[in-house]
Each structure stands twice: as structure tokens, then as C-alpha cells.
Amino acid sequence: MTFEPSTLDFSILPFTAGVNPPVTKPHPAFLTDITEQGMRDLLDRFYEGLYQGAIKELFPPSKEEMKIAGQYSADFFIQICGGPSYFNQSRGAPQMRGRHSPFRISPHARLHWLTTFEEALQPIIQNKQSSQANIQSFWNYINVFSQWMINSRD
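Numbered according to our numbering, the sequence shown terminates at residue 254, and the numbering increases by one at each position without gaps.
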């Protein structure tokens, strides 16, 4: 069996204070490929990594609360990838900058957030659940989206 070399680029865009680059939503085919349950599984892995990671103080302290936060996040990503508007139905308009404003999100925290997301994406990549182009479009979205959440220099 031969595998094509990966063309995925998980480089992290540099953060420049005061600059909010345009955000392009992921290809809807990413959600179609991995399914809603796959997105929920992705966010479960991601939030488990955050719960055990270097920026866990930014997140709910209990496993149960973290699981709920992960499901809200899954609702958001399902919606942003062209799926049903679960987030709007349960939480209202996303307004993610406002929702994150109570938390000190630094460029350093963003790096941890993104590397944790990259780790959570690995089973999708390894199991070829979506094309590299669709995975890349998802990464590109979170890479820029994460810049918008930074609200602290340290």
C-alpha cells in the first residue's frame, strides 16, 4: 500500500495586535465527510486535550462542565461548517469575541489552543475521513478565527 505525501500545512499564522484578518469558513464538505457525530467526537478529543493542557485554567474546572462546553463548541463548528444552526438555537448568535472577553486569551494561549486542535484532528487525518483540502480549509479557518479571540498580551 502506498500513501501520497501529505500536503497539509499546520503552520500557525503570526499574530499582529490590532489586525483582524478576514475569516473564510471551512468547506462544508468537511462536515459532510466527518458527519455531525464526527465533529462532536473531534471536539470531545479537543476539549479532553484542553482539560489536561497548559491553558486549562481558561476552561471549566470540572470534567462535566468541560464536556458541556465541548458540545456547545461542536454546535458552533457544525453550524460554521454549513450544518444546522444548533448554536444559534441553544445559545443565540455566536458573537464569539464577546463570549470570550471575560477570559484572558493571549497569543501564547492561542498557540496551545491550536496545537491541541491539531492533535485532535489526527484521527480524522489518519483514518482519511476527509480530503486534505477539506481538512486544510478547517485548519485555515481556526487558524484565523483564533487570532480574533486574542484579547490579552500575556
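Note that beta-carbon positions come from the ideal geometry of N, C-alpha and C, so glycine has one too.
Item                                                                                                                                            : Value
With distances taken from CA atoms, which of L143, F115, T135 and G182 is nearest P128?                                                         : G182
Once the 5 residues before and after M166 are set aside, which same chain residues still bring their CB inside 7 Å of it?                       : Y147, Y151, F159 and P160
With respect to 7 Å, is the separation between the Cβ of Q236 and the closest non-hydrogen atom of the ligand ZN below this value?              : What this structure holds is no ligand at all, so the ligand ZN is not there to describe.
Using the Cα positions of R199 and Q226, report the straight-line distance between them to the nearest angstrom.                                : 33 Å
I224 to D109, Cα distance in whole Å?                                                                                                           : 15 Å
Would A209 be called buried (16 or more neighbouring beta carbons within 10 Å of its own) or exposed?                                           : buried
With H, G and I counted as helix, E and B as strand and the rest as coil, what does DSSP make of I180?                                          : helix
Find the nearest neighbour of I168 within the set P114, P122, E219 and R140, judged by alpha-carbon distance.                                   : R140
Which same chain residues end up closer than 8 Å to Q283 when comparing Cβ atoms and leaving out the 5 residues on each side of it in sequence? : The structure shown has nothing for residue 283, since the chain only spans 101 to 254.
Where S111 and W248 are concerned, what is the direct C-alpha to C-alpha distance, given to the nearest angstrom?                               : 17 Å
Going by CA-CA distance only, name the one from K163, E219 and R191 that's closest to F176.                                                     : R191
According to DSSP, is S237 part of a helix, a strand, or is it coil?                                                                            : helix
Look at the alpha carbon of Q195 and the alpha carbon of G153, and state the distance between them as a whole number of angstroms.              : 25 Å
Taking the alpha-carbon positions, what's the Q189 to I155 distance?                                                                            : 29 Å
Apart from the five residues just before and just after F130, which ones in its own chain have a Cβ nearer than 8 Å to its Cβ?                  : C181, S230, N234, I235, S237 and F238
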